[in-house]
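Let me begin by presenting the structure, written as C-alpha cells, before commenting on it.
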Amino acid sequence: MDDMSPVAPVAWIKQTSGADGTIISLGGNWVVAATAGLFHETEAIAGRAGESITFDLTDVAVLDTAGAWLVYRTARRLQAQGYVVQTVGSSDDQELMLQQAVDHDVEMDIEPYEDRSFVHWLNELGAKVFRMFDRVFDFLNFFGMVLFAIGRAIVQPRRLRLAATVHQIEIVGVQALSLVGLITFLIGVVIAYQAASVLSDMNAEFMTVDMVTFITLRELGILLAAVMIVGRSGSSFTAQIGAMVMHEEVDAMRSLALDPIEILVVPRVLALLIIMPIMTFFADAVAMFGAILICWIDLGITPAAFIERAREVATGWDVGIGFVKAPVFGMIIALVGCYEGLKVTGSAESVGQQTTRSVVEAIFMILVLDAFFAVFFTTIGI
Amino acid sequence: MNQQDQISPQGGQSSGDVAIRVRGLTTGFNGQTVLEALDLDVRKGELLGVVGGSGTGKSVLMRTIIGLNTLQAGSIEVFGQNMQGLGLRARHEIERRWGVLFQDGALFTSLTVAQNVQVPLREQLKGMPQQLMDEIAAFKLSLVGLPPDAGAKFPSELSGGMRKRAGIARALALDPEILFLDEPTAGLDPIGASAFDELIGNLHRALGLTVVMVTHDLDSLHAVCDRIAVLADKRVKLIGTMDDMLQSDHPWTHEYFHGPRSRAAGIGHGG
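These protein sequence lines are chains A and B, in that order.
For any residue, its number in the working numbering is found by taking its place in the first sequence, counting from 1, and adding 7.
For any residue, its number in the working numbering is found by taking its place in the second sequence, counting from 1, and adding 185.
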C-alpha cells in the first residue's frame, strides 16, 4: 500500500569501480522532494580518466521528471568532460522520463535582461523626462475635452446626466460629511489648543482667536476638506473607472457611440465642483466650533466673545478665499481621479498603481496651487 | 483494502485503482444547493472529462475536490485518505500531489513565467539550489511547449494559450500525480485548442498523470478523454466512454453529443 502514503524522499547514490569503468548505482525514490539533497552529491560525481561511466538505475523505485533531470544533467556534464556514459537497469517508464529530460534540454532566461550601465541609466532618465512632458500635454488635452463636454452639456442640457450627477453628489458629498466633520473638528481643537499654550506664555491668549480664525478660514478648512476628498473620492474615481476600463466597459461605450467623458467624467467633475465649496464651509464651521470649545474650556473665552472677536479680525475675503479655492481644488481632484482611471491597462496591478498615482498627484497639485493662491492673494493685498 | 466491501456505482473497482473517490457530496452557496449527493470515482491514470450545461456545477465540483469550496455533506477521498479527517500538515502533503490549472492560468502577474514555475519549488521544497530550480523551470516550460524566450517574460506579455501552458508548467512543478484542468481550451482558437488537447494527452501519457478536466469542448472530449462524466440535476448523471455517451438516451446528454456541434467534431456520426 505504498501508494497510499506520500512518496518518502529517500534516495541514495553509490559509486563503485567495476572491471569496465566506474559504476554509479542509484536507488530509492528519485523524486522532486529529494532533488535538493541529491544535487550536491551528483555534482561531486567524477570518473577516472579513460574509463567509462555507467549509471545503474536498477534500485530506483520512483523516478519523476525532476529526478530524471538530475540524472540527465549529471550524465550530460560527464559526457562533456569526455567520458563515455551509459545507463542500465531502467524500466520503460523511467526510460520515458529520461527521454523527456533529453528532449527538453533548453537554455532559458529566468528574468528579463537588465542593463545596469550608466548610459542606460541616462537613457532611462531622459525617457522619463519626455514621458513626463507627454503626460502633462495628455492631461491638458483631457482637461480640454472635459471642458468641451461641460460646455456642450450647458448648451444642450439634455446631454447632462442629472441622475448620475446627483448620485455622485450623494456619494462624494453627503456620505463624506461625517468623516470630514470629525477630522476637522479634531484639527480645530488641536490648533486652538497649541495656539493657546504658546500665546498664553506671552500673555496674549486673546490672539488665539485671531490665529485660529485666519488659519482655519484661509487654509485649514479647505486643505483638510480637499485632502480628505482626494483620499475618499479621488481614489475611488480612479479605481471605479479603472475597473471599467479593465472589463472593456469603456470600449463598449465608445463602440455604442457614447462618450465616456460625458458619461463618466462630467458627472464626477460637476459633483465635486458643487460639493467642494459646501464641504469647505462645513469644514470651516466645524473647525471653528472645535476651537470655540477649547477657547471656552481652556482660556475662558466665551463663545459670544470669540465670535465677536472673530468678526472684528476677519474680513469677508478671509471667508471668500476658501470659496475661490474650493471649486478649483474640486475640479483637480475629479480630473486627476478620472484621468488616471482611464489610463488603467489590463492588469490588476495597474489599477493599484494608477490609484496611488491619482492620490499623490492630486494632493501634490492641490498643495502647489495653494501656495500660488497664497502668494497671489498676498500680492493683491487680501 | 479496508474499503473493498464498499460498492462502487461505477463498476466496483477496489480503492487501490481509485485516485479520487467522492461520496454523497453536497455543496452550494447562499442557501442554494449546486451539487447534491454526488458520487464520482476517478481511476488512477485515467483522463476524465467532466461536462454539463452552464451552471451545473462543473467548476464547483472541481473546486470542492481541491478544497476551495467547503462541502456541506459527503466525503472526498484522495489516494485512499479522507480529506475531511486530515490535519493541516497531512492535507498539505496531499495537496502537493496534485496540480491545478485555473481558467486563465492564474499566473502571478508580478513574476516572470519562469519564476512562476519556481514558486512551488521555492515554497514547498526548502533548500533547492537556484541553479537546479532554473533548470527545472526551463525543463517544465519546454515540456508544455513554450519557446525558450518565454521564460523571462511576464504573464501580461503572453497570449491566452501561452498563459495556460505556463499555468500547466507551474501545476507540474512538483511532479503531481493528479492534474486538474478547468476549461483548458476555453478562449483558444481551434488550432490552439487542438494543440492544447494534444499537449494534455501527451503529458497524460508521458508522465503517467491522472487528469480531471472540466470542459465544454467536444473536440477535447473526443480527442483525449478516456471517460466522460456528465453532470446534470446536481449529480453525475452518467459516466463512461464516448460510446456510452452516444448510446445514452438521457435528454441533455443526447442533445449534447448528437447536436450540430458534435457532428462538426465528427462524433455524432450524423446523429
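From the three backbone atoms N, C-alpha and C, an ideal C-beta is built for every residue, glycine too.
Residues in its own chain within less than 7 angstroms of residue i by CB, not counting five upstream and five downstream?
{"i": "B/E221", "result": "T211, K419 and R420"}
{"i": "A/I194", "result": "L227, L231 and A294"}
{"i": "A/A250", "result": "V358"}
{"i": "B/L373", "result": "G345, G346 and F381"}
Under the three-state reduction of DSSP, which class applies to residue i: helix, strand or coil?
{"i": "A/M11", "result": "Annotation note: pLDDT 42 at A/M11 (below 50); position unreliable, coordinate value reported separately. Residue state, collapsed to three classes: helix."}
{"i": "B/E221", "result": "strand"}
{"i": "B/N170", "result": "Because chain B in this structure spans residues 186 to 456, residue 170 of chain B falls outside the shown range and cannot be described."}
{"i": "A/I308", "result": "coil"}
{"i": "A/M253", "result": "helix"}
{"i": "A/F144", "result": "helix"}
{"i": "A/Q163", "result": "coil"}
{"i": "A/Q107", "result": "helix"}
{"i": "B/T395", "result": "strand"}
{"i": "B/G215", "result": "According to the sequence provided, residue 215 of chain B is Asn. The question's Gly does not apply to it. DSSP places B/N215 in coil when its eight states are reduced to three."}
{"i": "B/L364", "result": "strand"}
{"i": "B/L273", "result": "helix"}
{"i": "A/D100", "result": "helix"}
{"i": "B/Q195", "result": "With a pLDDT of only 44 at B/Q195, under the threshold of 50, the placement of this residue in the model should not be trusted, and no figure is reported."}
{"i": "A/R138", "result": "helix"}
Hey, would you say residue i sits closer than 8 angstroms to residue j, going by beta carbons?
{"i": "A/G390", "j": "A/Q361", "result": "No answer is possible for residue 390 of chain A: it lies beyond the span of chain A, which begins at 8 and ends at 389."}
{"i": "B/L306", "j": "B/I321", "result": "yes"}
{"i": "A/S357", "j": "A/G344", "result": "no"}
{"i": "A/T61", "j": "A/V95", "result": "yes"}
{"i": "B/G290", "j": "B/K349", "result": "yes"}
{"i": "B/T395", "j": "B/D382", "result": "no"}
{"i": "B/L343", "j": "B/V298", "result": "yes"}
{"i": "A/M260", "j": "A/P334", "result": "no"}
{"i": "A/E269", "j": "A/A170", "result": "no"}
{"i": "A/V187", "j": "A/M286", "result": "yes"}
{"i": "A/V257", "j": "A/V153", "result": "no"}
{"i": "B/A354", "j": "B/V302", "result": "yes"}
{"i": "B/L292", "j": "B/G352", "result": "yes"}
{"i": "A/I340", "j": "A/S240", "result": "yes"}
{"i": "B/L403", "j": "B/I413", "result": "no"}
{"i": "B/G209", "j": "B/S260", "result": "yes"}
{"i": "A/V196", "j": "A/G329", "result": "no"}
Can you name, in chain order, every residue of its own chain whose Cβ lies under 8 angstroms from the Cβ of residue i, other than the five neighbours on each side?
{"i": "A/T72", "result": "V39, M104, Q107 and A108"}
{"i": "B/Q198", "result": "Confidence in B/Q198 is poor, its pLDDT being 45 and thus under 50, which makes the residue's placement unreliable; the coordinate value appears in the next sentence. Cβ neighbours of B/Q198 beyond the five flanking positions: D226 and R228."}
{"i": "B/D319", "result": "A299 and Q303"}
{"i": "A/T322", "result": "I389"}
{"i": "A/L280", "result": "P334, G337, M338 and A341"}
{"i": "A/I373", "result": "L230, A233, V234, V237, F336, I339 and I340"}
Quick check: the Cα distance between residue i and residue j, rounded to an integer number of angstroms?
{"i": "A/L306", "j": "A/A203", "result": "7 angstroms"}
{"i": "A/Y90", "j": "A/A75", "result": "20 angstroms"}
{"i": "A/H254", "j": "A/T245", "result": "14 angstroms"}
{"i": "B/M268", "j": "A/E121", "result": "46 angstroms"}
{"i": "B/D224", "j": "B/M398", "result": "17 angstroms"}
{"i": "B/V415", "j": "B/M430", "result": "9 angstroms"}
{"i": "B/G182", "j": "B/R281", "result": "This structure cannot settle anything about residue 182 of chain B, because the visible part of chain B is limited to 186 through 456."}
{"i": "A/V331", "j": "A/A290", "result": "15 angstroms"}
{"i": "A/G52", "j": "A/Q247", "result": "For clarity, residue 52 of chain A is Ile in the given sequence; the question names Gly instead. Computed Cα separation, rounded: 60 angstroms."}
{"i": "A/A378", "j": "B/V329", "result": "59 angstroms"}
{"i": "A/F313", "j": "A/I236", "result": "29 angstroms"}
{"i": "A/A216", "j": "A/E177", "result": "The amino acid occupying residue 216 of chain A in the given sequence is Val; Ala does not appear at that position. Whole-angstrom Cα-Cα distance: 34 angstroms."}
{"i": "A/L77", "j": "B/R390", "result": "21 angstroms"}
{"i": "B/D428", "j": "A/I20", "result": "49 angstroms"}
{"i": "B/E362", "j": "A/Q86", "result": "32 angstroms"}
{"i": "A/Q175", "j": "A/R166", "result": "17 angstroms"}
{"i": "A/S266", "j": "A/R225", "result": "A small correction: the amino acid at residue 266 of chain A is Asp; Ser does not occupy that position in the sequence shown. Taking the straight line from one Cα to the other gives about 38 angstroms."}
{"i": "B/I424", "j": "A/S59", "result": "54 angstroms"}
{"i": "B/G237", "j": "B/P333", "result": "37 angstroms"}
{"i": "A/S24", "j": "B/H277", "result": "42 angstroms"}
{"i": "B/L232", "j": "A/I31", "result": "37 angstroms"}
{"i": "A/D325", "j": "A/L300", "result": "21 angstroms"}
{"i": "A/G35", "j": "A/L45", "result": "11 angstroms"}
{"i": "B/A378", "j": "B/G386", "result": "12 angstroms"}
{"i": "A/T220", "j": "A/A317", "result": "6 angstroms"}
Identify, in the order they occur along the chain, each residue of the same chain with its Cβ nearer than 6 angstroms to the Cβ of residue i, setting aside the five sequence neighbours on each side.
{"i": "B/G216", "result": "none"}
{"i": "B/Q144", "result": "One cannot answer for residue 144 of chain B here, as it falls past the ends of chain B, which runs 186 to 456."}
{"i": "A/E319", "result": "none"}
{"i": "A/A82", "result": "V92"}
{"i": "B/G234", "result": "M398, T400, L406, C410 and I413"}
Item to complete: List in chain order: all unbroken alpha helix (DSSP H) runs of 4+ residues lying wholly within the segment 178-248 of chain A.
Response: Here the runs fully enclosed are 184-206, 214-222 and 228-236.
Discussion item. Give the list of continuous alpha helix (DSSP H) stretches no shorter than 4 residues that lie fully inside the segment 33-94 of chain A.
Written reply: Qualifying alpha helix (DSSP H) stretches, in chain order: 39-51 and 72-87.
Worksheet item: If you scan the segment 299-374 of chain A from start to end, which runs of the alpha helix (DSSP H) of 4 or more residues do you find wholly inside it?
Response: Complete alpha helix (DSSP H) runs here, min 4: 310-320 and 323-349.
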